[in-house]
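Quick notes on the structure that follows.
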Amino acid sequence: MTDHFLGKDLGSAGFDAAREPVLTVRPGAGDRITFETDDAAYAEMERYGDLAQVTATINPVTGPVLVEGAEPGDALAVTIHDIALAEQGWSVYLPGAGALTGRMGEAIRTRRIPVRDGVVHLTDTLTCPVAPMIGCLGVASASGTMSTVMPSYPTGGNMDLTDARPGATVLLPVEVPGALLSVGDLHAVMSRGESSFVAIEIAGRATLSVDLVKGAGLRTPRIDTGDEWVTVGLGDPVQDSVQVAYEAMFDLLTREQGLDDMDAYVVMSALAHTELGGPTGSAEPDPLHPFRPVGAVTLARLAKAAIAAR
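Counting with UniProt numbering, you get residues 1 to 310 for the letters of the sequence shown.
Following this line, the structure appears as structure tokens:
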């Protein structure tokens, strides 16, 4: 087992199969990779109050890491071991972004958020516990460069899912040889669904290990939280994303957990739940409205305990 460190100077503005890997690892060897992330863009937003003057990359991702033996049709299994946070994060309002744009006006607004001793200081009088997570986690697509802002992709990207937290394993469909894993956009805490399109953004370091599931045949990412399976559906309109998420859960139960189709149907009818996922949509946004999502991300959830006693 080897420990690797990838500094924030290895960050970039996209997931791209043409990028040269900065590290090569063997899956299942137990190597731990620490990805350092950057929050320089938020400091510039505070300084200038104008997105046009921001030169730092929003949501840079550190990497990519080539995984030996990863081939299209496999899934990369990324286990999140630890997320170490800086002592200050950011809350930022971006005009035109999120569900509250009709209430927040037309100017960028920023707030520095102290994060100390496991506590996030939201206001002068309100705090909450840290709940660190990775917003941007993915592997390269076979078809061009993936944005680190929006949308979400079948191979991951800026999914903004609270379940991508320490202790969880994220499965990412592989589309290119070597997978090419990159990581960025850490959050100190985030509401599920990220209604404002911005969480408590923060710099830090995420430590991961990688394994490989050969021939997994996943259409979209999946997360194993330890207690739950969470399947991701992408689609436009939202009903399509719901169907994809449910079909992915059904396939997990029948192909991997050994339930017959009627048993899986009944269990899901009783115990599988859906909710809207991250706010980044499932299709490329209109360039005139770059923060307005197109399509939807839906999550299907099922507690492992639901079938443990069979």
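Beta carbons: idealized from backbone N, C-alpha and C, even for Gly.
Residues near residue i in its chain [Cβ-Cβ closer than 7 Å; skip 5 each side]
i	result
M150	N158, T280, G281, P285, P293
residue 331	Since the first residue shown for the chain is 1 and the last is 310, residue 331 is missing from the structure and cannot be characterised.
A245	T231, V232, G233, T274, T298, L299, A300
K304	D227, E228, W229
residue 330	Because the chain is modelled from 1 through 310, residue 330 falls outside the range shown and cannot be assessed.
D38	K8, G11, P60, A203
Close beta carbons around residue i, own chain, < 6 Å, minus the five adjacent residues each side
i	result
T79	T169, S209
I238	The sequence shown places Val at residue 238, rather than the Ile named in the question. Excluding residues within five positions, the ones whose Cβ falls inside 6 Å are A296.
G167	G226
H121	P114, T127
A86	I202, A203, G204
P27	V67, V210, D211, L212
R112	Q88
E175	P72, S141, A142, T155
A84	G204, R205
A199	H187, M190
V193	What sits at residue 193 in the sequence shown is Gly, not Val. The residues are L276.
Bridge-paired residues (DSSP) for residue i
i	result
Y153	G156
D3	R32
T79	T169, S209
V92	T110
S195	Its beta-bridge partners do not exist; DSSP assigns none.
I202	G89
L10	Bridge partners of L10: none, in fact.
A300	T231, T274
L181	V65, V139
A309	Bridge partners of A309: none, in fact.
L186	I134
V294	A283
A84	R205
Residue burial classification, residue i (beta-carbon count within 10 angstroms, cutoff 16)
i	result
V130	buried
Y42	buried
R103	exposed
A308	exposed
M262	exposed
E256	exposed
G96	exposed
D163	buried
G258	exposed
P173	buried
G98	buried
Y153	buried
L288	exposed
V189	buried
G11	buried
M146	buried
L271	exposed
V266	exposed
S191	exposed
S91	buried
F5	exposed
Own chain, CB closer than 8 Å to residue i, minus 5 neighbours either side, in chain order
i	result
A248	L218, R219, T220, R222, T231, V232, G233, A300
G118	P129, V130
L171	A75, L76, A77, V78, V213, A216, L218, P221, R222, I223, D224
L100	Y93, S195, S196
T254	D260, D261, A264
Contact test: residue i Cβ vs the ligand MN heavy atom, cutoff 7 Å
i	result
E36	What this structure holds is no ligand at all, so the ligand MN is not there to describe.
Contact with chain C by residue i, beta-carbon distance below 8 Å
i	result
A300	Protein chains in the displayed structure number just one, and chain C is not present.
With a floor of 4 residues, list each alpha helix (DSSP H) that falls wholly inside the stretch 204–290, ordered by position along the chain. Taking only runs of at least 4 residues, the alpha helix (DSSP H) segments lying wholly in the stretch 204–290 are 238–251, 261–271.
Segment contact, 8 Å Cβ cut-off, at least three pairs: the stretch 16–32 with the stretch 170–184: Yes, since at least three Cβ pairs between the stretch 16–32 and the stretch 170–184 fall closer than 8 Å, the two stretches touch.
Hey, which unbroken runs of the alpha helix (DSSP H) at 4 residues or more fall wholly within the stretch 94–154? DSSP runs (the alpha helix (DSSP H)) wholly in the stretch 94–154: 101–104.
Would you list, in sequence order, the uninterrupted alpha helix (DSSP H) runs of no fewer than 4 residues that lie entirely inside the stretch 16–67? Counting whole runs of 4 or more residues, the stretch 16–67 contains the alpha helix (DSSP H) stretches 40–48.
At least 3 beta-carbon pairs within less than 8 Å: the stretch 206–222 vs the stretch 73–88: Below 8 Å, enough C-beta pairs join the stretch 206–222 and the stretch 73–88 to call them touching: three or more.
So, do the stretch 8–17 and the stretch 141–150 have three or more beta carbon pairs nearer to each other than 8 Å? Segments in contact, yes.
Across the stretch 59–66 and the stretch 25–42, are there enough close Cβ pairs to call them in contact, namely three or more that are closer than 8 Å? Yes, the stretch 59–66 is in contact with the stretch 25–42.
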